[in-house]
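Chains as they are written, first to last, in my numbering: chain A, 1 to 363; chain B, 364 to 726; chain C, 727 to 1089; chain D, 1090 to 1452.
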């Protein structure tokens, strides 16, 4: 249980890292949305390691298949099933580690929770590879949001302690899109690259911070008191492996501010109510206020490192040393960017439907 | 919609700040749990402004009534309805501000979402007063967790930029409990008090950070990939007004660490698997790993300040100046502590039931 | 758990037969609906035993209180809490029967499921009295449906083997409303009355059949394949104590017909697609087709009878004879009529919201 | 939306009659259950038209593929994805009928609800073919129930007005299993066969009644007041196309009985509480009472008939005559038997998990 997200726009993820497929069902997608395998493939390809520095050498073709819910090039209102096949599988390293949980990974908790029956190969359900299913669902969600003129974008703002300079949305949209690190600040990106390379040489890894932005979100998304926009977004974002923190607007900085500094004064612009600053990150009382939604997520350093680590053997209950071979990302941050966009988009679709702000049939 | 939380242990909040009651239904509470109005009253009293510096002068008796679900001093398995009456209501200030949304508050978004029909008095559903319903549900949840030997506690670790020194759990349990600021570091608390007093004199407000800790949580809470322990906790915590960030374990600091620094090595202690450090905050792969759960939340400065602020008149669509009178907390952080505990407890109960780790009938 | 119904228009029932209250929360009610305690009282009063033959002598005032969610005479978009107090309680009979489950009642299953902690007085949560909460929610739902011009009505079509002659909707609306047995056929009603009186004299009880009709339901309610209109309605109707069968349109008669007899030919009337007959009961493929929704429910004879019955003593595990005193209805059918209407109305509201056919804010 | 069923054991159906696949996700299946494609294939094969009289000539191989959630021959606790491919597709007949809704079918309601974007070929999502997904989920559910010694079986008790004589469970288990009509009464089955043949010759169709029985269901399944065992079962059963009525135990007959006739007296047998009769169909107060669960469903005659019927052209809005060619079942009842078993099994698994009566990990 726990593999479905959303109340009206419901995403159900399935598949394993080294099983036959990774897939997703989207139930509740409005009918009449034009969608093709190519559209979804485009998003999935953005997630691929490609030429990003410090990413896995696992080379998956990741060819998207639409199995249901699309007819004559448009969604039908029925559940959309999308999947990719796993092909470049090498599970040999995992058999050896079966009873040696990797520090920082889900190996131990999955072993305990599922009585040792979990598919441990390549991390099984807990692998970053599962986020392909998120990205496929996100591709559908983003197409839907386009119809409402909502734009979702994310970018890398910190890696290994190197921060990007603040950039305006236009730069983020254009520069981050073509940056191998999904970073809108080329100078910082160059320094991040060096940090990643150094970590890789050391058999180590680095983390970072991704910022997600959504533009043109209408007022009214979020269903307080419990299904707040922050709550639903954070739940969706914590589903991304390695995310350990989520903040909105001024976030943890707000803790250190005065009310007079942190409050966003209201004003009127072109007949519309706006706020002059956006410390709220576009959310007041758990409901979108029409300003850009701004969220930041902390990504921990990839737990898979080749340095020797201490662990325990769950069969013998003795301590053991572990060196992870396999193929891993030294820094997962740039690849998380497209996943952040996907989870944001999926959440907005669900909340827009709940708020009655999205039609059930597209024109 | 959106006023219910949890799948098997389901909390439904109702009531308004200046309506007749604030209440809660708990559905799914195992039968046979000894519970009295006094037990719940104890928790509700901990939330009261009391002698905490810089808190509201609204004086509510907050006498808890059990309306259903308890018979012969024990839960019956039926829904438990709890409520307190609102008595010390003064809505005069709000009538005047009806069309003048307070910066940083939900006034504007609620007005727009509910077509102006929302009960705006005292912030209505968006008031901090609604957290009485969270605390009442939390009181039941904490009694349940006691039966499983799970302890939940929270404390203030930062206010207005003043940080508390790290303390061990024993000190947190004893010192924070009797501290007016719920802070385990008396020296820092003294400085925090000064900061709050200064802000109040300035007609301003301050924010801070609360840390929640849960001890003796069994391995296996959390239902990935979407209903992760982080995801469910963060969703519950973002329901607390003014929370703008949530992080687990090393949280945002993890972004700046190496994998070799952030991974928690496994070891064996008294025949049990433990981790030597706890950067994961007790959660791996979205599932509790048996170590203490550690979460921190950023609380923004109370948006209600008496300093003049810019806003708009939603009737005339003109800009306006606003001075908030009313009775407000200069710093909500200490009062949020008990609410954090409540939301953590509620989430653990739901996930323990989902994981099959809590009986349906208490012995 | 299990005390909430509906996904967007969510009804949560609470309270016990001999506890302090019976109440309900409605979450998801659109904002701006005019509603008063008088409106809801009207529906609750229709459920009262009143002068109906063979009904309980328990005399509850059942004064409806609105505790939340209504402001200035209109719903606010926040959860609406409604309750009535229990006053005319006499639990003496039940104490004696605590370990003697009444045949046909929930006493045994509740005892086993809740480990003996259930509130057994007056049947607790399993009493017909709980349907007051359904009727209060139904009152709100019916007001909402009025805004969409949807009409829901139910009537008695069989009691104790006596069937009412078929009547057109106009007669049902007018005659059943003022009939003590909620029956549109006065001649049949007279005979039903005799059957009820005879059963009461014998210390026995009788059952019957209620038919529910909904007019002007738009095309499109129902979310197949699982949340069909039949499925959601039947689930709601089986929540009414004593209901043991539900059928739509030609129902069980359809089993005995040819396709050529049972299919409803399509035609056009005033520019709209209609069906010439309505064997489908207004539902095709689990979705409303614009014709009247027709559902019938079988109500078993009240299990509380004064005749001696065999049971077991759950403490001693010996067989025992049981004579039920208490105050009971000889025939619950007429009182079920308003409850059927309520559950139909509640289900339509939820499905109308889900289908995007009901606004979130009323004009 | 609406394509998922169950709260803890969640079944999500996808696929279309003439799309590429029909499939299902089961989320929440306990880990450690031995399962193979062969197990599931066995159930799917029981649903095939085979040599049953009056069934479709569409010949699908229906080879089951397990795409996820099973590793080393056992469930892992992750979502199980199962599917079959559609191969023997002939959509030519449907293109012609695109705007001519078939009486008794979902064509018209689907067209309206999904704005004409629905996949109309072969009935799309509304085809009986979708029940392959139910049967696959049911196969997993039945394996789980076996571990709890719960047995689910169904059989045909009426076709075209011909009723089977009552048989004891032993005969039902043995005779119905090998009967082409799934009927435990060979004499009645012979007569039913004649009725079906006659209908087919006439270009017509017949309906019938299926009875489902579950043995050894523990006391305690069902979560009143809304998620009753009757309510959850009926919702699941109404998802089967053509079902128009559901009754439990004495069902609609109860309406015509006295309380003294319909109540089931309690007694003790081998130290266990039983009821002497079973008019309740094993359910009291919405909760299983340990006796056999007995449910009957009314199946309407297949709406697809070759006789000419009246319909309307949705493009031109004119009346039209329709003759359905295609390949259809004259009587769907025997094929519904295995689907009834599947939906019962799925519902029991969900409610057993909710009641805490099924382990999360199988031994």
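In this text, a Cβ means the ideal position worked out from N, Cα and C, and glycines have one as well.
- Task: Output yes or no for whether 8 angstroms exceeds the beta carbon distance between residue 385/B and residue 505/B.
- Result: If you number the second chain from 1, residue 385/B lands on position 22. If you number the second chain from 1, residue 505/B lands on position 142. Going by C-beta atoms, residue 385/B is not nearer than 8 angstroms to residue 505/B.
- Query: Would you say residue 930/C reaches chain D, if we count a Cβ-Cβ gap shorter than 8 angstroms as a contact?
  - Reply: To locate residue 930/C, count along the third chain from 1; it is residue 204. Yes, residue 930/C lies at the interface with chain D (some Cβ there is under 8 angstroms from its Cβ).
- Return the residue from the list 139/A, 209/A and 237/A that minimises the CA-CA distance to residue 182/A. Taking the first chain and counting its residues from 1, one reaches residue 182/A at position 182. Among 139/A, 209/A and 237/A, the Cα nearest to that of residue 182/A is on 209/A.
- Message: Here's the rule I'm using: 16 or more other beta-carbon atoms within 10 Å means buried, otherwise exposed. How should residue 484/B be labelled?
- Response: Numbered from its first residue, the second chain carries residue 484/B at position 121. That one is buried.
- Item | Residue from 30/A, 344/A and 36/A with nearest C-alpha to residue 363/A | As a working mapping, residue 363/A is identified with position 363 in the first chain. Closest option to residue 363/A, judged by alpha-carbon separation, among 30/A, 344/A and 36/A: 30/A.
- Beta-carbon proximity check, residue 75/A vs residue 8/A, cutoff 8 angstroms: Translated into positions along the first chain, residue 75/A becomes position 75. Translated into positions along the first chain, residue 8/A becomes position 8. Cβ atoms of residue 75/A and residue 8/A: not closer than 8 angstroms.
- Determine, using beta carbons only, whether residue 369/B comes closer than 8 angstroms to chain D. The sequence position of residue 369/B within the second chain is 6, counting from 1. Answer no: the Cβ-Cβ gap between residue 369/B and chain D never drops below 8 angstroms.
- Task: Determine the direct distance from the alpha carbon of residue 622/B to that of residue 950/C, and round the result to whole angstroms.
- Result: As a first step, residue 950/C is located in the third chain; it is residue number 224 there, counting from the start. As a first step, residue 622/B is located in the second chain; it is residue number 259 there, counting from the start. The alpha-carbon atoms of residue 950/C and residue 622/B are separated by roughly 48 angstroms.
- Supposed contact pair residue 104/A and residue 366/B - C-beta distance, whole angstroms, cut 8 angstroms: Position 3 of the second chain holds residue 366/B. Position 104 of the first chain holds residue 104/A. Wrong, their Cβ atoms sit about 37 angstroms apart, outside the cutoff.
- Compute every distance between the C-beta of residue 798/C and the non-hydrogen atoms of the ligand MN, then say whether any falls below 7 angstroms. Here there are no bound small molecules, and the ligand MN is not part of this structure.
- Query: residue 430/B versus chain C: which residues are under 9 angstroms apart at the beta carbon?
  - Reply: Locating residue 430/B in the second chain gives position 67, where the first residue counts as 1. In chain order: 740, 741, 745, 746, 747, 749 and 809.
- Item | Any C-beta of chain A under 8 angstroms from that of residue 1168/D | Taking the fourth chain and counting its residues from 1, one reaches residue 1168/D at position 79. Chain A, which has a Cβ nearer than 8 angstroms to the Cβ of residue 1168/D, makes this yes.
- Item | Through-space distance from residue 177/A to residue 66/A, alpha-carbon basis | As a position in the first chain, residue 66/A is number 66, starting the count at 1. As a position in the first chain, residue 177/A is number 177, starting the count at 1. Spanning the two alpha carbons is a distance of roughly 26 angstroms.
- Item | Proximity below 8 angstroms, CB of residue 584/B to CB of residue 711/B | Residue 584/B sits at position 221 when you count from the first residue of the second chain. Residue 711/B sits at position 348 when you count from the first residue of the second chain. A contact, by the Cβ cut-off of 8 angstroms.
- Message: Taking its Cβ as the centre, do 16 or more other Cβ atoms sit within 10 Å of residue 1175/D, making it buried, or is it exposed?
- Response: Residue 1175/D sits at position 86 when you count from the first residue of the fourth chain. With 16 or more Cβ atoms within 10 Å of its Cβ, residue 1175/D is classed as buried.
- Is residue 972/C helix, strand or coil when you go by DSSP? For this step, residue 972/C is matched to residue 246 along the third chain. Residue 972/C falls in the strand class under three-state DSSP.
- From the beta carbon of residue 1018/C, is the nearest beta carbon of chain A less than 8 angstroms away? One-based indexing of the third chain puts residue 1018/C at position 292. Chain A contact via Cβ: absent.
- Message: So if DSSP puts residue 629/B in a beta bridge, which residue, or which two residues, is it bridged to?
- Response: Here residue 629/B refers to the residue found at position 266 of the second chain. DSSP, once it has assigned bridges, lists 638/B as partnering residue 629/B.
- Nearest neighbour of residue 1355/D, chosen from 744/C, 743/C, 738/C and 832/C [CA to CA]: Looking up residue 1355/D in the fourth chain gives position 266. When each option's Cα is compared against that of residue 1355/D, the closest is 832/C.
- Query: Taking the runs of the beta strand (DSSP E) that are 3 residues or longer, which of them lie wholly in the region 1385 to 1413 of chain D?
  - Reply: 1398 to 1402 and 1407 to 1411
- Message: Taking a contact to mean a Cβ-Cβ separation below 8 angstroms, would you say residue 945/C touches residue 1201/D in this structure?
- Response: Counting from 1 along the third chain, the entry for residue 945/C is found at position 219. Counting from 1 along the fourth chain, the entry for residue 1201/D is found at position 112. Yes, Cβ-Cβ distance for residue 945/C and residue 1201/D is below 8 angstroms.
- Query: Between residue 631/B and residue 331/A, what straight-line distance do the alpha-carbon atoms span, to the nearest angstrom?
  - Reply: For the purposes of this step, residue 631/B is taken as residue 268 along the second chain, with counting starting at 1. For the purposes of this step, residue 331/A is taken as residue 331 along the first chain, with counting starting at 1. So the alpha carbons of these two residues sit roughly 30 angstroms apart.
- Message: Please report the straight-line C-alpha distance between residue 99/A and residue 1372/D, rounded to a whole angstrom.
- Response: Looking up residue 99/A in the first chain gives position 99. Looking up residue 1372/D in the fourth chain gives position 283. Cα to Cα, the separation comes out at about 46 angstroms.
- Answer with buried or exposed for residue 639/B, where buried requires no fewer than 16 other C-beta atoms within 10 angstroms of its C-beta. As a first step, residue 639/B is located in the second chain; it is residue number 276 there, counting from the start. Residue 639/B comes out exposed.
- Query: Identify the residues that DSSP records as bridge partners of residue 1103/D: which are they?
  - Reply: Here residue 1103/D corresponds to residue number 14 of the fourth chain, with the count starting at 1. In the DSSP output, where bridge partners are listed per residue, residue 1103/D has 1112/D.
- Item | In chain order, each alpha helix (DSSP H) run of at least 4 residues that lies wholly inside the region 1197 to 1274 of chain D | 1220 to 1236
- Task: Under 9 angstroms between beta-carbons, which chain C residues line up against residue 355/A? List them in chain order, please.
- Result: Looking up residue 355/A in the first chain gives position 355. Simply 1086.
- Item | residue 108/A: contacting residues in chain B (beta-carbon distance under 7 angstroms) | Numbered from 1 along the first chain, position 108 holds the residue referred to as residue 108/A. The answer, in chain order, is 629, 636, 647 and 652.
- Query: Taking the alpha carbon of residue 300/A as the point to measure from, which residue in 186/A, 20/A, 346/A and 244/A has its own alpha carbon closest?
  - Reply: Counting from one through the first chain, the residue named residue 300/A turns up at place 300. It is 244/A whose Cα lies nearest to the Cα of residue 300/A.
- Task: Give the residues from the region 657 to 685 of chain B that approach chain A closer than 8 angstroms (Cβ to any Cβ), ordered along the chain.
- Result: Of all residues in the region 657 to 685 of chain B, 661, 662, 663, 664, 665, 666, 667, 668, 670, 672, 673, 674, 675, 677, 680, 681 and 682 have a Cβ within less than 8 angstroms of some Cβ in chain A.
- Partners in chain B for residue 139/A, counting only beta-carbon separations shorter than 7 angstroms: Counting from 1 along the first chain, the entry for residue 139/A is found at position 139. One finds nothing in chain B with a Cβ atom closer than 7 angstroms to the Cβ of residue 139/A; even the nearest lies about 18 angstroms away.
- Item | Burial state of residue 156/A, where buried means 16 or more other Cβ atoms lie within 10 Å | The residue given as residue 156/A occupies position 156 in the first chain. Classification for residue 156/A: buried.
- Would you list the one or two residues that DSSP bridges to residue 1303/D? For the purposes of this step, residue 1303/D is identified with residue 214 of the fourth chain, where counting begins at 1. 1241/D and 1382/D.
- Query: Apart from the five residues on each side of it in sequence, which residues of its chain come closer than 8 angstroms, Cβ to Cβ, to residue 407/B?
  - Reply: Residue numbering aside, residue 407/B sits at position 44 when the second chain is read from its first letter. Excluding positions up to five away in sequence, the list reads 425, 427, 447, 495, 498, 499 and 502.
- Beta carbon of residue 910/C nearer than 8 angstroms to that of residue 921/C: Counting from 1 along the third chain, the entry for residue 910/C is found at position 184. Counting from 1 along the third chain, the entry for residue 921/C is found at position 195. Going by C-beta atoms, residue 910/C is not nearer than 8 angstroms to residue 921/C.
- Item | Nearest to residue 684/C (by Cα), restricted to the options 1022/C, 799/C and 804/C | Any property of residue 684/C remains undetermined from this structure, which presents chain C solely from 727 to 1089.
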